[in-house]
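Visitor: Here it is, the structure, as structure tokens.
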Ligand SMILES: [Zn+2]
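Residue numbers (the working numbering): 11 to 69.
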């Protein structure tokens, strides 16, 4: 339903870049961060999936 409003733009180096927002806003923030920090790899993460994605961090 309102899933599009629950994405967090996040950088592996800087951490969360912004509060939860619309996916398009998150994409824009990530794009801007990638320009200002070419070596960083920001990505937008859906909040509901964070618990599932946390499995990747275990190993
Ligand atoms: Zn960063």
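We treat Cβ as the ideally placed atom computed from N, Cα and C, and that holds for glycine.
#1: By Cβ distance below 8 Å, which residues in the same chain neighbour residue 44 in space, the five residues on each side in sequence not counted?
#2: With a 10 Å radius around its C-beta and 16 neighbouring C-beta atoms as the bar for buried, classify residue 57 as buried or exposed.
#3: Any beta carbon from chain C within less than 8 Å of residue 29's own beta carbon?
#4: What residue range is occupied by the uninterrupted alpha helix (DSSP H) comprising residue 40?
#5: Could you please give the first and the last residue of the uninterrupted beta strand (DSSP E) stretch that includes residue 18?
Guide: Reading it off the structure:
#1: Counting only Cβ-Cβ distances below 8 Å, and skipping sequence neighbours, we find 50, 51, 52.
#2: Answer is exposed; the Cβ neighbour count stays below 16.
#3: In the displayed structure, chain C is absent; only one protein chain is listed.
#4: Taken as a continuous stretch (DSSP letters only), the alpha helix (DSSP H) holding residue 40 covers 33–46.
#5: Start and end: 17–21.
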